[in-house]
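Numbering (this note's numbering), first residue to last: 142 to 840. C-beta: ideal position from N, C-alpha, C; glycine also. Please read these numbers as outputs of a predicted model, since none were measured by experiment. Have a look at the structure below, then the notes.
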Ligand code: SF4
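Below is the structure:
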């Protein structure tokens, strides 16, 4: 009986960056069911995760008391049973756990200096929590070695956007597609990863819009609705995109007036692009020259076009170059700043946009203000009561783990991240975590990373919190608690404040609203967005022009936040992947998410319906590849790369190219990142998750 509930709370889905608004119905202190409400992004819709993925918060594995490592615990490793961790950990009071956690980090600070301690924050927390966490590291340890999962998803996109457009956020909401004539979806599989956004994309195609899907892995969902499918060879994004732009340049299809009015660097770019003819690039990228020409002409001739991309673009050593190409393509055609136009990197986690905006990034303070800028440091010295900000950009996620492996970083505070599953070459990452002198993990479950911890602090889940989050559309939205936290679990902001006080910081926050108000002092993006408005309206989009303005869905119609208001063309060269197939490793491994499971699986594998639908680790191979291997669908295969090997069940999937294997990264029993390469994009410092050389055999 859906009418039989005790209370309801309007909140936000805790999973992907679409940021669907939900009404959480509660009966007898537990979530009974969830339904979509009319948020600006979802308009009442939800996907399977939003609808059936909430009962993870009531799972018996929830951490309900602080835990500390036992003095007689076995060595740090993954052999901890989350249901029975008592050989490794014992319960502690909050007082004891916080004292141990903070004093352990403070001791390292005293003996080895502040840079011996680093912090990983989380895109699953609220904006206020992300802000407080980066402040704690910057103020408490006097450096910028604080990062979060944006490094593993869209760091390269943000690097390219900041460089060429002057802002790391999307230029238009995904809902703007309804005003477009053509849309390119490249390196993204929204049907699985941004399912509610995908419903808008399908509607666009059904209404006659031209959908162009460019994806080397292949996908069942949007391809069926596409005007053109371009299944190009993995790792050849720059070749394909440059060839498209070559057609636009050579046939003079570009928007001359727009280029003259709003851009710089066109002539150098034009000269560069001339070498990338479709005939030359066709073999390399595996798309025939005529199709390249057809798509180029359609995109350039369209009245309004949008470009969406995902981690198929960003997670390469040339991820920043890939995004530079997409930006140049939009600028060439003047497809920015008007209804139905725009650049939109589809953000992954629920609050990765907000956590990035809040400064949970090693190079920049809140609102992407560079730590190298003396005026920025002056501003924060003033707001943070005399704190000197380190002028040196900090280390990124993979760099921090590497320094831990080398013994240069000796302590870490990890809030809501799971590097023991999410880092590339995860055997290396786990070894690094095991070497730390002091590891504090704050989470809702005993994650694989928490298994290496000295102190584990039990946190509240999103449906138990008050705060704000920001979705892929730049919509700042209010999160409200539906149920109380189990046992003694506490909201992350409260734990971070307690840690800060024990680390000697003079913090006196008593409510997230006070944190939000402090954020507004340095974040121009929050101008005209107040806590009171968010409580009343649920969501406001930034930038916002006034107290009654719902915010700007489309930005940069009158220029860019760069020198002279001009965006820039940055030429990109073709760079091969860091390792290419050879005799020993003849196929290509690519990794990603699947519809039912979220990232490292810590939440969705504990959601009963989602786990029932997808209970076991699997990989996808083309039927012809399976036949060659002599493996039936459902049989086991062994995947081996230069980093390690694992056995996993194989599925037949006609969408996957015959020389490729797709492996989701949600399963600890077949952890994809045992196999992946930690080679980094030099600009975004993002690892090449989307391309590793692999050997596939019958297991
Ligand atoms: Fe949640 Fe994303 Fe699904 Fe919306 S599309 S319900 S935000 S997982």
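Extent of the continuous alpha helix (DSSP H) run through residue 672 | Stepping through the chain shown from its first residue, residue 672 is reached at position 531. 672-678 is the extent of the alpha helix (DSSP H) around residue 672.
Which ranges does the beta strand (DSSP E) cover as unbroken runs of at least 3 residues, wholly within the stretch 417-458, from first to last along the chain?
-> 446-450
beta-carbon residue 190 near the ligand SF4 non-hydrogen atom, thresh 6 Å = Your numbering for residue 190 matches position 49 in the chain shown. Within the cutoff, so yes.
Say the cut is 6 Å; is the CB of residue 187 nearer than that to a heavy atom of the ligand SF4?
-> What you label residue 187 is simply residue 46 of the chain shown in a count that begins at 1. At least one heavy atom of the ligand SF4 is nearer than 6 Å to the Cβ of residue 187, so yes.
Contact test: residue 337 Cβ vs the ligand SF4 heavy atom, cutoff 6 Å | Against the chain shown, residue 337 aligns to sequence position 196. Checking every heavy atom of the ligand SF4 against the Cβ of residue 337, one is found closer than 6 Å.
Under the three-state DSSP convention, the category residue 299 falls into = If you number the chain shown from 1, residue 299 lands on position 158. Residue state, collapsed to three classes: helix.
Contact between the stretch 816-827 and the stretch 532-539 (3+ Cβ pairs under 8 Å) = yes
Within the present structure, is the beta-carbon of residue 154 separated from the nearest heavy atom of the ligand SF4 by less than 6 Å?
-> Looking up residue 154 in the chain shown gives position 13. Correct: residue 154 has its Cβ closer than 6 Å to the ligand SF4.
On the premise that residue 298 lies in contact with residue 507, defined as a C-beta separation below 8 Å, what is that separation, rounded to the nearest angstrom?
-> Position 366 of the chain shown, counting from 1, holds the residue named residue 507. Position 157 of the chain shown, counting from 1, holds the residue named residue 298. No, residue 507 and residue 298 are not in contact; Cβ-Cβ is about 19 Å, not under 8 Å.
Along the alpha helix (DSSP H) that carries residue 386, what are the first and last residues, could you check?
-> Within the chain shown, residue 386 is the residue found at index 245, counting from 1. Element bounds for residue 386: 378-391.
Can you check whether the CB of residue 320 is closer than 7 Å to the CB of residue 560?
-> Start at 1 with the first residue of the chain shown, and residue 560 comes out as number 419. Start at 1 with the first residue of the chain shown, and residue 320 comes out as number 179. Result no, Cβ atoms of residue 560 and residue 320 do not sit closer than 7 Å.
Answer yes or no: do residue 680 and residue 150 have a C-beta to C-beta separation smaller than 7 Å?
-> As a first step, residue 680 must be located in the chain shown, where it is residue number 539. As a first step, residue 150 must be located in the chain shown, where it is residue number 9. Against a cut-off of 7 Å, the Cβ pair of residue 150 and residue 680 comes out as no contact.
Between the C-alpha atoms of residue 450 and residue 388, what's the straight-line distance to the nearest angstrom?
-> Here residue 450 refers to the residue found at position 309 when the chain shown is read from its first residue. Here residue 388 refers to the residue found at position 247 when the chain shown is read from its first residue. When rounded, the distance between both Cα atoms is 21 Å.
Those residues which DSSP pairs with residue 729 across a bridge = Numbered from its first residue, the chain shown carries residue 729 at position 588. Residue 729 is bridged to 801 and 834.
Taking the continuous alpha helix (DSSP H) assigned at residue 817, which residues delimit it?
-> Your numbering for residue 817 matches position 676 in the chain shown. Taken as a continuous stretch (DSSP letters only), residue 817 belongs to no alpha helix (DSSP H), as it is neither H nor E.
In whole angstroms, what separates the C-alpha of residue 276 from that of residue 250?
-> To locate residue 276, count along the chain shown from 1; it is residue 135. To locate residue 250, count along the chain shown from 1; it is residue 109. Going by the C-alpha atoms only, they are around 16 Å apart.
Identified DSSP bridge partners for residue 581 = Position 440 of the chain shown holds residue 581. DSSP output for residue 581 lists 554 and 596 as bridge partner(s).
To the nearest angstrom, how far is it from the Cα of residue 170 to the Cα of residue 144?
-> Numbered from its first residue, the chain shown carries residue 170 at position 29. Numbered from its first residue, the chain shown carries residue 144 at position 3. Computed Cα separation, rounded: 16 Å.
Classify residue 305 as buried or exposed, calling it buried when 16 or more other Cβ atoms lie within 10 Å of its own Cβ.
-> For this step, residue 305 is matched to residue 164 along the chain shown. Classification for residue 305: buried.
Report, in whole angstroms, the separation of the C-beta atoms of residue 167 and residue 153, which I expect to be a contact under 8 Å.
-> Counting from one through the chain shown, the residue named residue 167 turns up at place 26. Counting from one through the chain shown, the residue named residue 153 turns up at place 12. Not confirmed; about 16 Å, so no contact.
Beta-carbon spacing of residue 318, residue 355 below 7 Å = Here residue 318 refers to the residue found at position 177 of the chain shown. Here residue 355 refers to the residue found at position 214 of the chain shown. Going by C-beta atoms, residue 318 is not nearer than 7 Å to residue 355.
Cutoff 7 Å; reference residue 225; Cβ partners in own chain excluding five residues on either side = Taking the chain shown and counting its residues from 1, the one referred to as residue 225 is at position 84. Contacts found: none.
In angstroms with no decimal places, state the Cα-to-Cα distance between residue 621 and residue 221.
-> Position 480 of the chain shown, counted from the start, is the residue given in the question as residue 621. Position 80 of the chain shown, counted from the start, is the residue given in the question as residue 221. Straight-line Cα distance between these residues: approximately 33 Å.
Near residue 765, what residues of its chain come up, given a Cβ to Cβ distance below 8 Å and the 5 sequence neighbours on each side ignored?
-> By 1-based counting over the chain shown, the position of residue 765 is 624. Cβ within range, chain order: 799.
The alpha helix (DSSP H) with residue 465 in it runs from where to where?
-> For this step, residue 465 is matched to residue 324 along the chain shown. Its alpha helix (DSSP H) spans residues 460-474.
In this structure, does DSSP put residue 345 in helix, strand or coil?
-> For the purposes of this step, residue 345 is taken as the residue at position 204 of the chain shown. Residue 345 falls in the helix class under three-state DSSP.
Within its chain, find whatever has a CB closer than 6 Å to the CB of residue 497; leave out the 5 residues flanking it on each side and keep chain order.
-> As a working note, residue 497 is residue 356 in the chain shown. So the qualifying residues of the chain are 291.
Which residues DSSP lists as bridging residue 369, in chain order = Here residue 369 is taken as the residue at index 228 of the chain shown, counted from 1. Paired residues: 353.
What's the gap between the Cα of residue 490 and the Cα of residue 339?
-> Residue 490 sits at position 349 when you count from the first residue of the chain shown. Residue 339 sits at position 198 when you count from the first residue of the chain shown. C-alpha separation (whole angstroms): 16 Å.
Whose CA, out of 357, 243 and 492, lies closest to the CA of residue 619?
-> Residue 619 sits at position 478 when you count from the first residue of the chain shown. The option with the nearest alpha carbon to residue 619 is 492.
Taking Cβ to Cβ, would you say residue 476 is nearer than 7 Å to residue 446?
-> Residue numbering aside, residue 476 sits at position 335 when the chain shown is read from its first letter. Residue numbering aside, residue 446 sits at position 305 when the chain shown is read from its first letter. With a cutoff of 7 Å on beta-carbon distance, residue 476 and residue 446 are scored as near each other.
Going by Cα to Cα distance, which pick from 757, 682 and 796 is closest to residue 181?
-> For the purposes of this step, residue 181 is identified with residue 40 of the chain shown, where counting begins at 1. Nearest option by C-alpha distance: 682.
Which residue's Cα is closest to the Cα of residue 532: 283, 523 and 746?
-> Mapped onto the chain shown, residue 532 falls at position 391. Closest option to residue 532, Cα to Cα, is 283.
Output the boundary residues of the beta strand (DSSP E) element that contains residue 570.
-> The residue given as residue 570 occupies position 429 in the chain shown. For residue 570, there is no enclosing beta strand (DSSP E); the residue is part of the alpha helix (DSSP H) that begins and ends at 567-576.
Would you check whether the ligand SF4 has a heavy atom nearer than 6 Å to the C-beta of residue 157?
-> The residue you call residue 157 lines up with position 16 of the chain shown. Indeed, a heavy atom of the ligand SF4 lies less than 6 Å from the Cβ.
DSSP beta-bridge partners for residue 142?
-> For the purposes of this step, residue 142 is identified with residue 1 of the chain shown, where counting begins at 1. In the DSSP output, where bridge partners are listed per residue, residue 142 has none listed.
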